[in-house]
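Step one of this worksheet: look at the structure below.
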Amino acid sequence: MAKGDDNVQRKKNKLTRKKMSRKNDTATVSARISAIIAAKKRRKSGKRSMCQGMCFTLPTLEDPFNERQGKADITKKKKKMKKVKSREEKKPSTMSIDGVEKKMDRPPKFLMLNLNEIESSFRKDSTYSEQHDKSLFTSTWGIEFWKCFSSGKDILETSGMSSTVEQIAWIVSSAADAIARREKDEEEEEELFGNSPFLLYLVPSQSKASQVRSVCKALKGIGIHTVSLHQGASLDHQISGLKSVEPEFIVATPERLLEIVNLKGVDISSVSLLVIDELGSLCAGGYLDAVKSIKQAISNKHQTIVFNDSFSASTIPAVQSLLGRSINRVTVNDSVASQGSCIIQTVNVCASEEKKLQKFAEHLDSSSSKIIYIVTKEESFKKIKALLKLKGLSVSTDSDSKLSEVKKSRKPVAHLVDIEQLDTTVMRDFETVLLPDFYPSIEIYTQILTSMARESVHGVLHSFITEKEAASYRAGPLVNVLENCGQNVPDPWRHMCVAMSD
Numbered sequence: 001m002a003k004g005d006d007n008v009q010r011k012k013n014k015l016t017r018k019k020m021s022r023k024n025d026t027a028t029v030s031a032r033i034s035a036i037i038a039a040k041k042r043r044k045s046g047k048r049s050m051c052q053g054m055c056f057t058l059p060t061l062e063d064p065f066n067e068r069q070g071k072a073d074i075t076k077k078k079k080k081m082k083k084v085k086s087r088e089e090k091k092p093s094t095m096s097i098d099g100v101e102k103k104m105d106r107p108p109k110f111l112m113l114n115l116n117e118i119e120s121s122f123r124k125d126s127t128y129s130e131q132h133d134k135s136l137f138t139s140t141w142g143i144e145f146w147k148c149f150s151s152g153k154d155i156l157e158t159s160g161m162s163s164t165v166e167q168i169a170w171i172v173s174s175a176a177d178a179i180a181r182r183e184k185d186e187e188e189e190e191e192l193f194g195n196s197p198f199l200l201y202l203v204p205s206q207s208k209a210s211q212v213r214s215v216c217k218a219l220k221g222i223g224i225h226t227v228s229l230h231q232g233a234s235l236d237h238q239i240s241g242l243k244s245v246e247p248e249f250i251v252a253t254p255e256r257l258l259e260i261v262n263l264k265g266v267d268i269s270s271v272s273l274l275v276i277d278e279l280g281s282l283c284a285g286g287y288l289d290a291v292k293s294i295k296q297a298i299s300n301k302h303q304t305i306v307f308n309d310s311f312s313a314s315t316i317p318a319v320q321s322l323l324g325r326s327i328n329r330v331t332v333n334d335s336v337a338s339q340g341s342c343i344i345q346t347v348n349v350c351a352s353e354e355k356k357l358q359k360f361a362e363h364l365d366s367s368s369s370k371i372i373y374i375v376t377k378e379e380s381f382k383k384i385k386a387l388l389k390l391k392g393l394s395v396s397t398d399s400d401s402k403l404s405e406v407k408k409s410r411k412p413v414a415h416l417v418d419i420e421q422l423d424t425t426v427m428r429d430f431e432t433v434l435l436p437d438f439y440p441s442i443e444i445y446t447q448i449l450t451s452m453a454r455e456s457v458h459g460v461l462h463s464f465i466t467e468k469e470a471a472s473y474r475a476g477p478l479v480n481v482l483e484n485c486g487q488n489v490p491d492p493w494r495h496m497c498v499a500m501s502d
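Quick note: the sequence shown, position 472, residue 472 per UniProt numbering, numbers continuous.
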């Protein structure tokens, strides 16, 4: 080879080595080419970044086309762990009584905003009348209701009327506020409550459903949708409406709602708030069984509000079956009939003292209360104590003894109370009260009636009197109290009342 040819060959080899060194040097290439080279090296060495895992993820039943690329499974596991943690941390309710007293001493701002929306819609409506002229913010009933609602207990409205527009506004505004607080934890909303409505409002008629829906309609602007279910529209139309809109509130008549539930048109298992309006009318119309079936279909722990538009004693069993053992009472008036609502009153007129004691003993045997309060004169304690011990009851006569200490006894306890030292302010927990010697004035009787069983619908007030004592007793005021409260009036007393009036 000539000397010149040798030099040319060396130059070519030098250029070739430079090209090869450039290919192996990632710093001399673009960022895109460098990333491709790095990924190739990682694949060859068996190390992959998280994003490359999608190339090796197998299809699953939840993701048959591998569209999630493996990322959704990881985030789902994290969410589940977070949900379990949130459930454990949130066992104490944020709406407890302590929370109301210490933190929530006034209605929240969002609730007041909802009331303002409803009030504004009233004023824009051409059918707005003077009965709605009173501001919703100044409602004493609304403030009292909100306190009861925040405690988490069931509520009994004892005014003896159907719900008013003002009361409906406070109920739906409180429910909307509860939804807003619940939605702060989106995971809890999706997992625990599903697609069920938050509020279920049962009414006896289409006209009442329209009234409730007209109030709820004002909250549509904040994302609260309401659907009305009644016999005035076709079943298919209502079911399709429920499927197209997942409502937060449902206003319905019991029979139409049961039809749709049986057809799987709506799921009410996770309802959080159940309102039963005009219970007396529902019972009179034969819808009580339907209401009970609807309540049983709600498997979620929920709060119940009952508006009882009747003072009749015949509705008391219905109220007891729909509400829990511990409740809150709220009313717009302080009448004796309202305060004594859902308390069974009996006046037993007996032929003699022996018959009176016998009747008294029968009521002791039939009582299911753990604590029986007996209000009588102190000189009668000895006679009554002997009878109570024969019945196997523990006897307490200490007026200063605490109720919690009396409740610790395993046996039923009879607590004797001297009528001369009677303090009606401590009677709110008294469910069963017996008056073995019925001689108190009508003022004392009404004080006992309106002070006992404030947190229960199982109150019982039994009175016992002989015919001789009844002859000298003014029956008229007591007969009026019994009639106003829808209780049975003994025939002898009714006849005496008529005779005195003549």
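Note that the Cβ used here is the ideal one computed from N, Cα and C, for glycine as well.
### Simplified DSSP state of T75, which is helix, strand or coil
At T75 the pLDDT is 44, less than 50, meaning the model places this residue with poor confidence; the figure from the coordinates comes in the next sentence. Residue state, collapsed to three classes: helix.
### Message
Looking at I316: is its Cβ nearer than 8 Å to the Cβ of C342?
### Response
Between I316 and C342, the C-beta spacing is below 8 Å.
### Message
Here's the rule I'm using: 16 or more other beta-carbon atoms within 10 Å means buried, otherwise exposed. How should R106 be labelled?
### Response
R106 counts as exposed, since fewer than 16 other beta carbons sit within 10 angstroms of its beta carbon.
### Residue closest to E354, alpha-carbon to alpha-carbon, out of V330, K370 and I384
For the residues V330, K370 and I384, the minimum Cα distance to E354 belongs to I384.
### Message
Just to check my reading of the structure: S412 and I372 have Cβ atoms closer than 8 Å, yes? What is that Cβ distance to the nearest angstrom?
### Response
This sequence places Pro at residue 412; Ser is not what is there. Between the beta-carbon of P412 and that of I372 there is about 7 Å, and that keeps the pair under the 8 Å contact cut.
### Query
Which residue or residues does DSSP assign as beta-bridge partners of F249?
F249 has L199 and T226 as its beta-bridge partners, per DSSP.
### Message
Taking the alpha carbon of D423 as the reference point, which residue from A414, A31 and L449 has its own alpha carbon closest?
### Response
Of A414, A31 and L449, the residue nearest in Cα terms is L449.
### For F145, the first and last residue of its enclosing beta strand (DSSP E)
Premise fails: F145 lies in the alpha helix (DSSP H), T140 to S151, not in any beta strand (DSSP E).
### Residue burial classification, E189 (beta-carbon count within 10 angstroms, cutoff 16)
The predicted model places E189 with a pLDDT of 45, which falls under 50 and marks its position as unreliable, so this point remains unresolved.
### Query
Would you call the CB atoms of S162 and N328 closer than 8 Å?
N328 sits away from S162, with the two beta carbons spaced by 8 Å or more.
#### Entry: Spatial neighbours of R17 in its chain, beta-carbon cut-off 7 Å, leaving aside the 5 residues before and after
Within the same chain, R17 has no close Cβ partners at all.
#### Entry: CB contact flag (V349, A470, <8 Å)
In this structure, A470 lies closer than 8 Å to V349 by Cβ.
### Query
Can you tell which of E62, A453, E443 and W493 has the C-alpha that lies nearest to the C-alpha of T466?
Closest option to T466, Cα to Cα, is W493.
### Query
Between D267 and S196, what straight-line distance do the alpha-carbon atoms span, to the nearest angstrom?
Distance between the alpha carbons of D267 and S196 is about 5 Å.
### Query
With C-beta atoms as the reference, is A337 less than 8 Å away from N488?
In this structure, N488 does not lie closer than 8 Å to A337 by Cβ.
### Query
For the 8 Å Cβ check, are there 3 or more pairs between the region 169-182 and the region 358-367?
Contact between the region 169-182 and the region 358-367 is absent, because fewer than three Cβ pairs lie under 8 Å.
### Message
Here's the rule I'm using: 16 or more other beta-carbon atoms within 10 Å means buried, otherwise exposed. How should I155 be labelled?
### Response
Counting C-beta atoms within 10 angstroms of its own C-beta, I155 has 16 or more neighbours from the protein chains shown and is therefore classed as buried.
### Task
Indicate whether the contact test is met: 3 or more Cβ pairs, each with one atom in the region 297-313 and one in the region 212-230, closer than 8 Å.
Judged by Cβ distances under 8 Å, the region 297-313 makes no contact with the region 212-230, as fewer than three pairs qualify.
### Task
Return the first residue and the last residue of the beta strand (DSSP E) that C350 is part of.
First-last of the beta strand (DSSP E) with C350: I343 to C350.
### Query
Of the residues S310, S380, Q345 and S369, which one's Cα is nearest the Cα of S463?
Nearest option by C-alpha distance: Q345.
### DSSP-derived helix/strand/coil call for F430
It is coil, neither helix nor strand.
### Where E183 sits in the DSSP three-state scheme
Residue state, collapsed to three classes: coil.
### Reduced DSSP category for Y445 - H, G, I as helix; E, B as strand; rest coil
Of the three classes helix, strand and coil, the one that applies to Y445 here is helix, per DSSP.
### Task
Using the Cα positions of A414 and S451, report the straight-line distance between them to the nearest angstrom.
Each residue's Cα considered, the two are about 19 Å apart.
### Message
Here's a check: name, in chain order, each residue in its chain whose Cβ is nearer than 8 Å to the Cβ of L258, leaving out the five neighbours to either side.
### Response
Same-chain partners within the cutoff: A290, S293 and I294.
### Query
By Cβ distance below 6 Å, which residues in the same chain neighbour M427 in space, the five residues on each side in sequence not counted?
The answer, listed in chain order, is S451 and M452.
### Message
Is it buried or exposed, P204, if we count other Cβ atoms within 10 angstroms and call 16 or more buried?
### Response
By the C-beta density criterion, P204 is buried, having at least 16 other C-beta atoms within 10 angstroms.
### Task
Mark E140 as exposed unless 16 or more other C-beta atoms lie within 10 angstroms of its C-beta, in which case mark it buried.
Sequence inspection shows Thr at residue 140; the Glu mentioned does not correspond to that position. Exposed.
### Query
Where does the unbroken beta strand (DSSP E) through E157 begin, and where does it stop?
E157 -> beta strand (DSSP E) spans D154 to E157.
### Query
Where does the unbroken alpha helix (DSSP H) through D365 begin, and where does it stop?
Residues E353 to S366.
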